[in-house]
Ligand SMILES: [Zn+2]
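Numbering (my numbering), first residue to last: 30 to 287.
See the structure below:
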């Protein structure tokens with residue numbers, strides 16, 4: 030399974046920045062997990078290959094690219110883009126984004142081939158198929174309803190926490206999973222901002238260290254994701270200070286293969 034965290038901002042020379050403002054993982058070039066930079070960070074060749082988008086939750090950094098991604102292809106789509114999300118998340122998209130005030134309600138529009146959006150609701154704690162992947166959703170502990178995912182292509186399995194504070198269900202559920210090839214875990218704020226992390230339901234390196242002790246996936250490579258760009262330097266340093274061999278920061282723009 031190939032996974033790439035798409036870039037979302039750029040350096041002075043135009044190269045992709047390591048800072049992660051937005052979240053969008055592209056899996057095997059065809060499935061997007063979240064859509065933060067989906068419209069902005071893909072090429073014209075890549076765009077039509079992506080027909081399935083799976084959302085953890087509806088916070089802006091995870092959906093900012095979604096309206097633009099649909100808009101870019103509005104006339105050319107021969108099949109609707111499938112948006113896999115919980116009903117809570119779909120309700121937020123329809124009420125707060127695709128509401129004609131912020132952006133057009135694409136679910137009411139058709140092109141010459143028909144509908145352009147196909148909502149595919151899933152329930153927390155269930156498994157569902159997306160393209161060639163099997164995905165299990167697990168409720169995590171964020172300020173709003175948010176899903177973590179265990180993604181498998183039949184050969185490899187990768188777990189992604191989504192945005193979260195401390196969790197129990199996620200770790201218990203992973204404990205019942207077959208071997209994991211990689212775990213992607215959020216780590217938004219530095220230790221000094223533990224109070225803010227608590228209020229906004231995110232993790233700091235110290236809290237992430239505690240969380241990882243709950244994990245039974247001892248031999249699996251672990252990658253920190255969702256580091257707030259403003260605190261990246263401190264968070265990366267504090268992650269290093271945890272002294273966990275298999276833990277590193279997921280590089281933006283790099284294709285990982287498991
Ligand atoms: Zn969030």
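The C-beta atom is built at its ideal place from N, Cα and C for all residues, glycine as well.
Drop a sphere of 10 angstroms on the beta-carbon of residue 109, count the other beta-carbons inside from all chains shown, and report buried for 16 or more, exposed for fewer. buried
Going by the beta-carbon positions, is the gap between residue 60 and residue 168 smaller than 8 Å? no
Which residues bound the alpha helix (DSSP H) around residue 235? 234–243
By the 10 Å Cβ neighbour count, where 16 or more other Cβ atoms means buried, how is residue 116 classified, buried or exposed? exposed
Thinking C-beta only, is residue 241 closer than 8 Å to residue 273? yes
If you check the beta carbons only, do residue 157 and residue 145 fall under 8 Å apart? no
Closer than 7 Å to a non-hydrogen atom of ligand 1 - does that hold for the CB of residue 63? no
Simplified DSSP state of residue 161, which is helix, strand or coil: coil
With a threshold of 7 Å, establish whether the CB of residue 86 neighbours any heavy atom of ligand 1. yes
Alpha-carbon to alpha-carbon, residue 97 and residue 199: 32 Å
For the alpha helix (DSSP H) that contains residue 231, what are its first and last residues? No alpha helix (DSSP H) contains residue 231, which DSSP labels as neither H nor E.
Coil, strand or helix - residue 138 by DSSP: coil
With a threshold of 16 other CB atoms inside 10 Å of the CB of residue 234, please say whether the residue is buried or exposed. buried
Among 104, 268 and 95, which one has its Cα closest to the Cα of residue 143? 104
If you compare alpha carbons, which of 127, 211 and 132 is closest to residue 148? 127
Going by other Cβ atoms of all chains shown within 10 Å of its Cβ, with 16 needed for buried, is residue 107 buried or exposed? exposed
Contacts around residue 261, its chain only, beta-carbon distance under 7 Å, and the 5 residues preceding and following it disregarded: 48
CB-CB length for residue 122 against residue 68, believed under 8 Å: Not a contact, Cβ separation roughly 15 Å.
So residue 218 packs on residue 231, CB below 8 Å; how close in whole Å? 6 Å
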